[in-house]
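In my numbering, the protein residues as written are 22 to 404.
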């Protein structure tokens, strides 16, 4: 019988495993994730204190909720850090079913919550969840589990159909919320995992071409997406309409200059920039911390991505390798798309900045996923 190490080398010849491993696991990753979540809380206070005081009579309204999320997220991160990650493979089907049911519940009257024309949340009293945040990680788990057991099938379209089917199902349920940004995240995640599974170029291109064609089709089908595309091309054509948010975001970034106006000194947070504490918090960070501050921030994001892929590279079994790579891609893809939206590089679309934006579902799930990465790094010596 081939050893796991030999098996992985045969399946992924382009990866070389580092010899140095430690039972302590990747502690720097956990420290960075926790510090980033605390920094996010500080940014949320700066971005939301004025609006929260006006709207709720409490300048700490969003901060209090975020602190609860950090506590729960830290507990989830620690818990997942010590739960043997290989047990997660048994949850591949339940995870898909739960995620699909939650996504479907969004459309049930009385349960789904609609804000600004989009129904993306479900609520039970004061408790709300954004199912699409859960679906991304459920999909990464399912794909990793499937490919780890069916690695010999990855070179054919038929062999990857289950992964494609679940990905397309999730994308359809998310796009009709509507939520174009997370649909893009799931789609890019699907392509990334299929590529890393070891498929051949022909199969990958057969999958990639319809994906590329689908993007303009989805934009054309919805008038509001065409309006956002128009606002992206020339936001000043409608400075008080569809182009307003992007213009205010660019004002914030421009006002920050090289070194920023200083923490808590943003002017755009005074209700000029919509969603300053959530989807567009990066613009407030740019205004207050400047270009240098954003470079340092993205270096921290890059550190998390680097550690995640390093953990994947050093893992000696397919499931751990693909799971670590998948969870890392979810984080990395979302950071990149949020940055591109805020800077006007792609059309505006709602997407939180992981670990930073206000919103407990994203925060807790992201921190839990980082706990899984840490668990994989701890287990590598025994693999």
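Where a beta carbon is used, it is the ideal one built from N, C-alpha and C, also for glycine.
Considering only residues of the same chain and omitting the five flanking positions on each side of residue 354, which have a CB-CB separation below 6 angstroms?
-> Sequence index remark: in the chain shown, residue 354 carries index 333 (1-based). Excluding five sequence positions before and after residue 354, the CB atoms of its chain that fall closer than 6 angstroms to its own CB belong to 206 and 209, given in chain order.
Could you give the DSSP three-state label for residue 328: helix, strand or coil?
-> In the chain shown, counting from the first residue as 1, residue 328 sits at position 307. Residue 328 carries a helical assignment under DSSP once its states are collapsed to helix, strand and coil.
Among 95, 288, 341 and 64, which one has its Cα closest to the Cα of residue 314?
-> Residue mapping note: residue 314 aligns to position 293 of the chain shown, counting from 1. Comparing Cα positions, the closest option is 64.
So who's on the other strand from residue 140, going by DSSP bridges?
-> Taking the chain shown and counting its residues from 1, the one referred to as residue 140 is at position 119. Per DSSP, the beta bridge partners of residue 140 are 135.
Run of the alpha helix (DSSP H) containing residue 349, from where it starts to where it stops | Taking the chain shown and counting its residues from 1, the one referred to as residue 349 is at position 328. Start and end: 339-363.
Can you tell me the Cα-Cα spacing of residue 163 and residue 145, whole angstroms?
-> The count along the chain shown starts at 1 and reaches residue 163 at position 142. The count along the chain shown starts at 1 and reaches residue 145 at position 124. The straight-line gap from Cα to Cα measures roughly 27 angstroms.
Count the other C-beta atoms from every protein chain shown that fall within 10 angstroms of the C-beta of residue 76, then say buried if there are 16 or more, exposed otherwise.
-> Here residue 76 refers to the residue found at position 55 of the chain shown. Its Cβ having fewer than 16 others within 10 Å, residue 76 is exposed.
Residue 127 versus 393, 198, 220 and 318, residue with shortest Cα-Cα distance = The count along the chain shown starts at 1 and reaches residue 127 at position 106. Check the Cα spacing between residue 127 and each of 393, 198, 220 and 318: the tightest is with 198.
Measure the C-alpha to C-alpha separation of residue 42 and residue 235 and round it to an integer number of angstroms.
-> If you number the chain shown from 1, residue 42 lands on position 21. If you number the chain shown from 1, residue 235 lands on position 214. Any reading at residue 42 needs caution, since the residue's pLDDT is 44, under 50, leaving its predicted position unreliable; the model's value is listed next. Just so you know, the alpha carbons of residue 42 and residue 235 end up roughly 43 angstroms apart.
Mark residue 113 as exposed unless 16 or more other C-beta atoms lie within 10 angstroms of its C-beta, in which case mark it buried.
-> Along the chain shown, read from residue 1 onward, the residue named residue 113 stands at position 92. Buried: at least 16 other Cβ atoms inside 10 Å.
6 angstroms Cβ shell around residue 103 - same chain, five flanking residues per side excluded = For this step, residue 103 is matched to residue 82 along the chain shown. No residues qualify anywhere along the chain.
Inspect the CB distances between the region 82-91 and the region 322-336 and report whether three or more fall short of 8 angstroms.
-> With a cut-off of 8 angstroms, the region 322-336 and the region 82-91 do not count as touching, because too few Cβ pairs lie within range.
Cβ neighbours of residue 400 in the same chain (closer than 6 angstroms, five flanking residues each side left out) | Here the question's residue 400 lines up with position 379 in the chain shown. No residues qualify anywhere along the chain.
Rounded to a whole number of angstroms, what is the C-alpha to C-alpha distance between residue 474 and residue 283?
-> There is simply no residue 474 to check, as the chain begins at 22 and stops at 404 in what is shown.
Short check: CB of residue 152 to CB of residue 124, under 8 angstroms?
-> Here residue 152 refers to the residue found at position 131 of the chain shown. Here residue 124 refers to the residue found at position 103 of the chain shown. For the pair residue 152 and residue 124, the CB atoms are nearer than the 8 angstroms cut-off.
With which residues is residue 148 paired in a DSSP beta bridge?
-> Looking up residue 148 in the chain shown gives position 127. Partner(s): 145.
DSSP three-state assignment for residue 53, whether helix, strand or coil | Position 32 of the chain shown, counting from 1, holds the residue named residue 53. Assignment of residue 53 by DSSP, reduced to helix, strand and coil, places it in the helix class.
Whole alpha helix (DSSP H) elements within the region 257-329, 4-residue minimum | Within the region 257-329, the runs of alpha helix (DSSP H) that reach at least 4 residues and sit entirely inside it are, in chain order, 265-277.
How would you write the range of the alpha helix (DSSP H) that residue 177 sits in, first residue to last?
-> Here residue 177 refers to the residue found at position 156 when the chain shown is read from its first residue. For residue 177, there is no enclosing alpha helix (DSSP H), since its DSSP letter is neither H nor E.
Beta carbon of residue 203, beta carbon of residue 372: below 8 angstroms?
-> Numbered from 1 along the chain shown, position 182 holds the residue referred to as residue 203. Numbered from 1 along the chain shown, position 351 holds the residue referred to as residue 372. Cβ atoms of residue 203 and residue 372: closer than 8 angstroms.
Grouping DSSP H, G and I as helix and E and B as strand, with all else coil, what is residue 128?
-> For the purposes of this step, residue 128 is taken as residue 107 along the chain shown, with counting starting at 1. Here residue 128 carries a coil assignment [DSSP, helix/strand/coil].
Expressed to the nearest angstrom, what Euclidean distance is found between the alpha-carbon atoms of residue 187 and residue 50?
-> The sequence position of residue 187 within the chain shown is 166, counting from 1. The sequence position of residue 50 within the chain shown is 29, counting from 1. When the Cα atoms are used, residue 187 and residue 50 turn out to be separated by approximately 30 angstroms.
Which residues bound the alpha helix (DSSP H) around residue 385?
-> Residue mapping note: residue 385 aligns to position 364 of the chain shown, counting from 1. Looking at the DSSP string, the run of the alpha helix (DSSP H) that includes residue 385 is 381-400.
Residue 204 - containing alpha helix (DSSP H), residue span = Numbered from 1 along the chain shown, position 183 holds the residue referred to as residue 204. Taken as a continuous stretch (DSSP letters only), the alpha helix (DSSP H) holding residue 204 covers 201-217.
When the Cβ atoms of the region 383-392 are set against those of the region 91-100, are three or more pairs found closer than 8 angstroms?
-> Contact between the region 383-392 and the region 91-100 is present, because at least three Cβ pairs lie under 8 angstroms.
Residue 156: which of 392, 395, 382 and 393 sits nearest, CA to CA?
-> Your numbering for residue 156 matches position 135 in the chain shown. Distance check between residue 156 and each of 392, 395, 382 and 393 places 382 closest, using alpha-carbon atoms only.
Could you tell me which of 339, 74, 72 and 92 sits nearest to residue 59, measuring between CA atoms?
-> Stepping through the chain shown from its first residue, residue 59 is reached at position 38. That would be 92, whose Cα lies nearest to the Cα of residue 59.
Same chain, Cβ closer than 7 angstroms to residue 46, five either side skipped, listed in chain order = The residue labelled residue 46 in the question sits at position 25 within the chain shown. 395, 398 and 399.
Give the C-beta separation of residue 346 and residue 360 to the nearest angstrom, bearing in mind that I take them to be a contact with Cβ-Cβ under 8 angstroms.
-> Counting from 1 along the chain shown, the entry for residue 346 is found at position 325. Counting from 1 along the chain shown, the entry for residue 360 is found at position 339. A Cβ-Cβ distance of about 21 angstroms is found for the pair residue 346 and residue 360, leaving them out of contact under the 8 angstroms criterion.
Skipping 5 residues on each side, what residues in its chain have a beta carbon closer than 8 angstroms to that of residue 278?
-> Position 257 of the chain shown holds residue 278. Shown here for residue 278: same chain residues with a beta carbon closer than 8 angstroms to its own, the five before and five after excluded, namely 311 and 312 in chain order.
Member of 178, 274 and 183 whose CA lies at the smallest distance from the CA of residue 229 = One-based indexing of the chain shown puts residue 229 at position 208. For the residues 178, 274 and 183, the minimum Cα distance to residue 229 belongs to 178.
Residue 298 versus residue 285: straight-line alpha-carbon distance, rounded = Counting from 1 along the chain shown, the entry for residue 298 is found at position 277. Counting from 1 along the chain shown, the entry for residue 285 is found at position 264. Looking at the backbone, the Cα of residue 298 and that of residue 285 are separated by about 13 angstroms.
Who are the Cβ neighbours of residue 343 in its own chain at under 6 angstroms, not counting the five residues just before and after it?
-> In the chain shown, residue 343 corresponds to position 322, counting from 1. Correct list, in chain order: 165 and 168.
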